[in-house]
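For the sequence shown, the UniProt record's numbering begins at 1 and goes up steadily by one. Each residue gets a CB set at the ideal place from its N, CA and C atoms; glycine is no exception. What follows is a set of notes on a single structure, which appears directly below.
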Amino acid sequence: MSTTKDTTLQSDIGKMKTEPDGSFKRLDASFRNTIEKGGKFEPATDRYHLYVSYACPWATRTLIVRKLKGLEPFIPVTAVSPRMGANGWPFANVDPYPAADEDQLNHSEHVKDLYLKVDPDYAGRFTVPILWDKKHNTIVNNESSEIIRIFNTAFNEFLPADKAALDYYPEKLRSQIDELNEWIYPSINNGVYRSGFATTQEAYQKAVVELFDALDKVEKILDGQDYLIGNTLTEADVRLWVTLIRFDPVYVGHFKCNLRTIRDGYPITHRWMQKLYWNSAAFKDSTDFDHIKTHYYWSHHAINPTRIVPVGPIPNILPL
């Protein structure tokens with residue numbers, strides 16, 4: 001699909017603007033529908049499709065919950081190449097890469113084609129994940145925090161009892177989960193980006209100090225327990241984990257988040273991260289370190305113009 005409109009401001013990370021003080025502000029997602037009985041998007045087993053990047057922490061959240069809930073038979077996945085260029089995320093037909101897919105469903109060349117198919121005048125960024133509806137040929141939702149909640153409950157009627165019973169946003173823990181998400185998102189999930197994409201010393205230092213203050217707080221919370229809340233796996237763990245698994249391989253060097261590493265600076269948090277990776281296929285199988293490292297070091301031209309991808313750390317994650 002081709003368009004005469006110049007979309008590079010929406011797709012080229014090199015043209016991304018920062019705030020006047022040099023700080024990075026992430027834009028809100030644009031498609032915010034849900035899947036529910038009686039709504040435009042009804043629960044169904046052969047209707048929805050997920051577009052992701054293995055490199056992207058936000059998209060990886062959706063892959064983890066999809067696998068935890070056993071939704072793989074109902075929601076197929078298409079993964080982009082990690083090499084995000086001027087046209088944004090490419091599919092394998094225009095940029096062949098190991099573990100990347102062609103878009104068999106919509107035959108797009110880039111993720112931007114999906115957005116422009118839905119709305120030729122779309123003015124937001126061309127992001128993943130995308131939850132796609134095959135019936136209406138449109139995007140249901142592109143906000144990962146909402147997609148994981150859709151996956152948590154919307155398809156329970158089709159699942160075996162043991163999977164349907166899994167609840168990663170349980171009623172009794174919601175206020176605690178919300179409270180945790182409220183500071184983990186700006187300070188850690190987005191904090192690494194606020195550090196890495198800052199264009200002034202002041203903006204960078206503010207972001208990086210807030211990031212490590214928040215990591216210190218996480219270390220205290222996890223002391224003596226296996227999970228962040230209620231000693232049970234919740235969405236709060238998933239949301240934090242996707243950032244921390246990328247921390248030593250990418251954010252320490254590429255985003256200058258180098259006050260401490262996770263493996264050497266946070267023994268309790270590190271152990272929590274390792275256990276989820278090595279003991280849960282949902283976490284391990286959703287993580288592709290090659291895609292992760294290639295994407296960040298190859299795609300952010302302003303930060304790494306040589307596109308050289310570092311060899312280390314070795315290993316990407318330490319064994320238990």
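- With the rule of 3 Cβ pairs closer than 8 Å, the segment 58-77 counts as touching the segment 272-286.
- Exposed is the label assigned to Arg-32, since fewer than 16 other Cβ atoms lie within 10 Å of its Cβ.
- Residue pairing by DSSP places Arg-32 opposite Asn-141 in a beta bridge.
- Where Ile-292 is concerned, the enclosing alpha helix (DSSP H) starts and stops at 289-299.
- Between the beta-carbon of Phe-126 and that of Phe-74 there is about 26 Å, and that puts the pair past the 8 Å contact cut.
- By the C-beta criterion, the segment 255-266 is judged to be in contact with the segment 199-219, since at least 3 inter-stretch pairs fall below 8 Å.
- The DSSP assignment places 174-184, 191-196, 201-222, 235-244, 262-265, 267-279, 281-284 as complete runs of the alpha helix (DSSP H) inside the UniProt domain "GST C-terminal" (170-296), in order along the chain (cut-off: 4 residues).
- Around the beta carbon of Trp-278, a 10 Å sphere encloses fewer than 16 other beta carbons of the protein chains shown; the residue is thus reported as exposed.
- Here the alpha carbon of Lys-172 sits roughly 12 Å from the alpha carbon of Asp-178.
- Nearest to Ala-79 by C-alpha distance, out of Pro-305, Gly-88, Arg-61, Leu-50, is Leu-50.
- In the DSSP assignment, Leu-50 falls within the beta strand (DSSP E) that extends over 48-52.
- Shown here for Thr-243: same chain residues with a beta carbon closer than 7 Å to its own, the five before and five after excluded, namely Pro-57, Ile-188, Asn-189, Val-192 in chain order.
- With a beta-carbon spacing of about 7 Å, Ile-292 and Tyr-54 fall inside the 8 Å limit used to define contacts.
- Apart from sequence neighbours up to five positions away, the residues of its chain that approach Gln-176 with a beta-carbon distance below 6 Å are Ile-229, ordered along the chain.
- Spatial neighbours of Thr-138 in its own chain (CB-CB distance under 6 Å, excluding positions within 5 residues in sequence) are listed in chain order as Val-118.
- Contact between Pro-98 and Asp-290 holds, with the beta-carbon distance rounding to 7 Å and staying under 8 Å.
- Judged by DSSP in its simplified three-state form, Thr-306 adopts coil rather than helix or strand.
- Between Asp-133 and Phe-41, the gap from beta carbon to beta carbon is short of 8 Å.
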